[in-house]
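Mind the numbering: the sequence shown is residues 6 to 92 in this note's numbering, read in order. Worksheet for the structure shown next.
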Amino acid sequence: CTIIRSYSRGAQGILLVYDITNKWSFDGINRWLKEVEEHAPGVPKVLVGNRLHLAFKRQVGERDAEAYAAKNRMAFFEVSPLCDFNI
Numbered sequence: 006c007t008i009i010r011s012y013s014r015g016a017q018g019i020l021l022v023y024d025i026t027n028k029w030s031f032d033g034i035n036r037w038l039k040e041v042e043e044h045a046p047g048v049p050k051v052l053v054g055n056r057l058h059l060a061f062k063r064q065v066g067e068r069d070a071e072a073y074a075a076k077n078r079m080a081f082f083e084v085s086p087l088c089d090f091n092i
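In structure tokens:
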């Protein structure tokens, strides 16, 4: 039993969060998206780029993330809980 299967049962929506300062975290979204689609098909998904307060260290472009989200029919937001931006 995967963690996705356990947490996605009955979900109303799913947040896929990556760190904008860490390309590896963004690249891992593909794996998580595959799991989500397998165990929670049709559930709305949102791609969230976190740590916007560190935009000067950005490794994932906003346009790249927007394009990925659009391609996979997801809403997209960049956020910074530290600065209370888009929270």
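Where a beta carbon is used, it is the ideal one built from N, C-alpha and C, also for glycine. As the structure is a computational prediction, the values presented were derived from the model and not from experiment.
Proximity to residue i [Cα-Cα], best of the options
i, options, result
"threonine 26", "Arg56, Asn35, Cys88", "Arg56"
"asparagine 91", "Gly15, Gly54, Phe31", "Gly54"
"glutamate 67", "Phe31, Leu87, Ala16", "Phe31"
"alanine 75", "Asp89, Leu52, Arg63", "Leu52"
"arginine 36", "Asn77, Leu59, Arg63", "Asn77"
Secondary structure of residue i, DSSP reduced to three states
i, result
"isoleucine 19", "strand"
"asparagine 55", "strand"
"alanine 45", "coil"
"aspartate 32", "helix"
DSSP bridge partner residues for residue i (one or two, in chain order)
i, result
"lysine 50", "Ile19"
Sequence-distant residues of its chain with Cβ nearer than 8 Å to residue i (five each side left out)
i, result
"valine 48", "Ser13, Ala16, Gln17, Gly18, Ile19, Val41"
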